[in-house]
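Report on the structure given below.
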């Protein structure tokens, strides 16, 4: 078969992303994509967005409650970090596996199993009377995230066809995700001060129960699929590799990057992931299709998504320290400060899909990252004056969060477009994995940069110097990825820029 001409490639381009469709998909141009949702689609969207919001809140709600938990259960500072690690390990380690399993054995089934696990984990954690029981609850919540997040996202992408409706749904998903992370800190403070730290766990249970009742009523039943054998060697190596890598990075962030146990875990993780890649090239029924893994939009899109999440998560962490340790604001005031950029994040989720429809998802991803980087660049001017510092944080965060959520939506559209429905679980598993690993890597890496300059000093000027260095590294890494995406993601496989098809003359 002869290679496609440039005109034929243009005819196969997806107008919603500016990217080429997979072979055989050109006929989709014959029918315009719908632009309005049915009543049932709106209910499905509300269900899935509610679940994603709850999972995002669950990620951050415990942060403010950690000191109270430590005092109640006798956990040391080193012990408290295991509350975060117990969640991060399963959440990142099992996401890709569970995303693909959802493709093979049913997305609704995996989604509901995740909600059931979240309910159980929340009850176990909230009712715990010891460290072991609490950590068990947190592990169950991490597994629930790994099960429910990619399943919910793949249910969303398969419930809405590529085009305006899917972009709108993903825009709202990105906005609520960002809002959930911000709201988690606020809810955690209110619940801990007003009731008890236990309610930072227990609050999930009634919400998850309502979603569990609604899911079988609104979501289509899983279709019977051809009998498929699970790629066990691939499942073992990718899960083991991710678990080892996340553990190593988390441990290094809390001990030091010269910790031999952390270094061995990181090296083992890299080797296992390399072995996973080799296994997938030879497996008859691979866990992750090599065609998908090497797809330009999937590979470069996930690099962009990883950067969007890792660099902004680290920036929020740095600004939290700045507001409290340098300017002297309380935890509650700090949480309220981040409510302002939460508003612009919500706006980005609403208007972002329209921009993506006009300029394409890949250009939007580059633009969102660039806005995030430039807004963070202004933070190099942070000082010790409370009024000026607070104003600078509010303005730059508002702009940065707009770019952040715009980038999240563009990343999700880019990394899930042009794939058939039976591979959406793998695609959303990859996007969720990038997100979870970014959360795990971003803060320890950028914090290590700041600590290298600050050392053990608690002096405000030393803290500021370390933060400025970390901000500079954050911005430099983000701009590097902006350049890489602009060069490689914006080009077609034959080196020509992907663009919307032009009307026939």
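Residue numbers (my numbering): -4 to 500.
Glycine included, every Cβ here is placed at the ideal spot set by N, Cα and C.
Practice problem: Please say whether residue 236 and residue 267 have beta carbons closer to each other than 7 Å? | Solution: One-based indexing of the chain shown puts residue 267 at position 272. One-based indexing of the chain shown puts residue 236 at position 241. A contact, by the Cβ cut-off of 7 Å.
Exercise. Could you check what DSSP says for residue 56 in three-state terms: helix, strand or coil?
Key: The residue you call residue 56 lines up with position 61 of the chain shown. In the displayed model, residue 56 falls within coil according to three-state DSSP, outside both helix and strand.
Quiz item: What are the boundary residues of the alpha helix (DSSP H) that includes residue 408?
Solution: Within the chain shown, numbered from 1, the residue matching residue 408 stands at position 413. That run of the alpha helix (DSSP H) goes 381 to 411.
Quiz prompt | Beta carbon of residue 67 nearer than 7 Å to that of residue 133 | solution = Along the chain shown, read from residue 1 onward, the residue named residue 67 stands at position 72. Along the chain shown, read from residue 1 onward, the residue named residue 133 stands at position 138. Not a contact, by the Cβ cut-off of 7 Å.
Exercise. For the region 386 to 400 and the region 104 to 116, state whether three or more C-beta atom pairs, one from each stretch, are separated by less than 8 Å.
Key: In the pairwise beta carbon analysis, the region 386 to 400 is classified as not touching the region 104 to 116: fewer than three pairs are separated by under 8 Å.
Exercise. Determine the burial state of residue 168: buried for a count of at least 16 other Cβ atoms within 10 Å of its Cβ, exposed for fewer.
Key: Translated into the one-based positions of the chain shown, residue 168 becomes position 173. A residue is called buried once 16 or more other Cβ atoms fall within 10 Å of its Cβ, and residue 168 is buried on that count.
Quiz prompt | Classification of residue 439 by the beta-carbon crowding that lies within 10 angstroms, buried from 16 upward | solution = What you label residue 439 is simply residue 444 of the chain shown in a count that begins at 1. The residue in question, residue 439, is buried, as its Cβ has 16 or more Cβ neighbours within 10 Å.
Exercise. Identify which residue in 34, 410, 229 and 432 has its Cα closest to the Cα of residue 289.
Key: Residue mapping note: residue 289 aligns to position 294 of the chain shown, counting from 1. Checked all of 34, 410, 229 and 432; the closest Cα to residue 289 is 410.
Self-check item: Cβ distance (whole Å) where residue 310 is taken to contact residue 371 below 8 Å
Solution: In the chain shown, the residue the question calls residue 310 occupies position 315. In the chain shown, the residue the question calls residue 371 occupies position 376. Correct: roughly 6 Å between the Cβ atoms.
Quiz prompt | Whole beta strand (DSSP E) elements within the region 264 to 305, 3-residue minimum | solution = none
Quiz prompt | Rounded C-alpha distance that separates residue 295 from residue 189 | solution = Counting from one through the chain shown, the residue named residue 295 turns up at place 300. Counting from one through the chain shown, the residue named residue 189 turns up at place 194. Cα to Cα, residue 295 sits roughly 45 Å from residue 189.
Quiz item: Taking the continuous alpha helix (DSSP H) assigned at residue 192, which residues delimit it?
Solution: Indexing the chain shown from 1 puts residue 192 at position 197. Taken as a continuous stretch (DSSP letters only), residue 192 belongs to no alpha helix (DSSP H), as it is neither H nor E.
Quiz item: Under 7 Å between the Cβ atoms of residue 147 and residue 43?
Solution: Counted from its first residue, the chain shown places residue 147 at position 152. Counted from its first residue, the chain shown places residue 43 at position 48. Against a cut-off of 7 Å, the Cβ pair of residue 43 and residue 147 comes out as a contact.
Quiz prompt | CA-to-CA distance, residue 469 to residue 441, given in whole angstroms | solution = To locate residue 441, count along the chain shown from 1; it is residue 446. To locate residue 469, count along the chain shown from 1; it is residue 474. If you take the alpha carbons of residue 441 and residue 469, they lie about 7 Å apart.
Quiz item: Should residue 25 be labelled buried (16 or more other beta-carbon atoms within 10 Å of its own) or exposed?
Solution: Translated into positions along the chain shown, residue 25 becomes position 30. Reliability fails at residue 25, whose pLDDT of 44 lies under 50, so the model's placement of it is uncertain and the value that follows must be treated cautiously. Exposed, because fewer than 16 other Cβ atoms sit within 10 Å of the Cβ of residue 25.
Quiz item: Mapping DSSP to helix, strand and coil, what is residue 371?
Solution: The sequence position of residue 371 within the chain shown is 376, counting from 1. Note: residue 371 maps to helix in three-state DSSP.
Quiz item: What residues in its chain sit with their C-beta under 7 Å from that of residue 105, if we drop five residues either side in the sequence?
Solution: Along the chain shown, read from residue 1 onward, the residue named residue 105 stands at position 110. Taken in chain order, the residues that qualify are 93, 96, 97, 142 and 146.
Practice problem: Within 10 angstroms of the Cβ of residue 34, are there 16 or more other Cβ atoms? Answer buried if so, exposed if not. | Solution: For the purposes of this step, residue 34 is taken as the residue at position 39 of the chain shown. By the 16-neighbour rule on beta-carbons within 10 angstroms, residue 34 is exposed.
Quiz item: Touch check for the region 113 to 129 and the region 199 to 207: three-plus C-beta pairs under 8 Å?
Solution: yes
Quiz prompt | Beta-carbon spacing of residue 176, residue 51 below 7 Å | solution = Numbered from its first residue, the chain shown carries residue 176 at position 181. Numbered from its first residue, the chain shown carries residue 51 at position 56. Going by C-beta atoms, residue 176 is nearer than 7 Å to residue 51.
Quiz item: Roughly how far, in whole angstroms, is the beta-carbon of residue 316 from the beta-carbon of residue 466, given that I think they are within contact range, below 8 Å?
Solution: Taking the chain shown and counting its residues from 1, the one referred to as residue 316 is at position 321. Taking the chain shown and counting its residues from 1, the one referred to as residue 466 is at position 471. With a beta-carbon spacing of about 12 Å, residue 316 and residue 466 fall beyond the 8 Å limit used to define contacts.
Quiz item: Which same chain residues, not among the five before or five after residue 430, have their C-beta less than 6 Å away from its C-beta?
Solution: In the chain shown, residue 430 corresponds to position 435, counting from 1. So the qualifying residues of the chain are 304.
Quiz item: Would you call the CB atoms of residue 164 and residue 40 closer than 7 Å?
Solution: Here residue 164 refers to the residue found at position 169 of the chain shown. Here residue 40 refers to the residue found at position 45 of the chain shown. Cβ distance < 7 Å, so residue 164 and residue 40 count as in contact.
Exercise. Since I believe residue 161 is in contact with residue 352 (beta carbons under 8 Å), could you give me their beta-carbon distance rounded to a whole number of angstroms?
Key: Here residue 352 is taken as the residue at index 357 of the chain shown, counted from 1. Here residue 161 is taken as the residue at index 166 of the chain shown, counted from 1. So it is not a contact: roughly 11 Å between Cβ atoms.
Quiz prompt | Integer-rounded CB distance, given that residue 377 should sit under 8 Å from residue 459 | solution = Here residue 459 refers to the residue found at position 464 of the chain shown. Here residue 377 refers to the residue found at position 382 of the chain shown. So it is a contact: roughly 6 Å between Cβ atoms.
Self-check item: C-alpha distance - residue 373 paired with residue 365, whole-angstrom precision
Solution: Indexing the chain shown from 1 puts residue 373 at position 378. Indexing the chain shown from 1 puts residue 365 at position 370. C-alpha separation (whole angstroms): 13 Å.
Self-check item: Outcome for residue 154 when other beta-carbon atoms lying within 10 angstroms are tallied against a minimum of 16
Solution: Along the chain shown, read from residue 1 onward, the residue named residue 154 stands at position 159. Residue 154 is buried by the Cβ-count criterion.
Exercise. Consult DSSP for residue 101 and reduce its assignment to one of helix, strand or coil.
Key: Here residue 101 is taken as the residue at index 106 of the chain shown, counted from 1. Correct three-state label for residue 101: coil.
Quiz item: The alpha helix (DSSP H) spanning residue 128 covers which residue range?
Solution: Here residue 128 refers to the residue found at position 133 of the chain shown. Looking at the DSSP string, the run of the alpha helix (DSSP H) that includes residue 128 is 126 to 154.
Exercise. Identify, in the order they occur along the chain, each residue of the same chain with its Cβ nearer than 8 Å to the Cβ of residue 260, setting aside the five sequence neighbours on each side.
Key: In the chain shown, residue 260 corresponds to position 265, counting from 1. Hits under 8 Å: 239, 240, 242, 243 and 246.
Self-check item: Assumed close pair residue 183, residue 56 - CB separation to whole angstroms, cut-off 8 Å
Solution: Locating residue 183 in the chain shown gives position 188, where the first residue counts as 1. Locating residue 56 in the chain shown gives position 61, where the first residue counts as 1. Correct: roughly 4 Å between the Cβ atoms.
Quiz item: Along the chain, where does the alpha helix (DSSP H) that runs through residue 242 open and close?
Solution: Residue numbering aside, residue 242 sits at position 247 when the chain shown is read from its first letter. Segment 227 to 249, the alpha helix (DSSP H) holding residue 242.
Exercise. Look at the alpha carbon of residue 60 and the alpha carbon of residue 195, and state the distance between them as a whole number of angstroms.
Key: Locating residue 60 in the chain shown gives position 65, where the first residue counts as 1. Locating residue 195 in the chain shown gives position 200, where the first residue counts as 1. Cα to Cα, the separation comes out at about 8 Å.
Exercise. Decide if residue 274 is buried, meaning its Cβ has at least 16 other Cβ atoms within 10 Å, or exposed.
Key: For the purposes of this step, residue 274 is taken as residue 279 along the chain shown, with counting starting at 1. It is buried - the Cβ of residue 274 has at least 16 other Cβ atoms within 10 Å.
Exercise. Round the Cβ separation of residue 357 and residue 474 to the nearest angstrom and send it over; I've been treating them as touching at under 8 Å.
Key: The residue you call residue 357 lines up with position 362 of the chain shown. The residue you call residue 474 lines up with position 479 of the chain shown. Incorrect: roughly 17 Å between the Cβ atoms, too far for contact.
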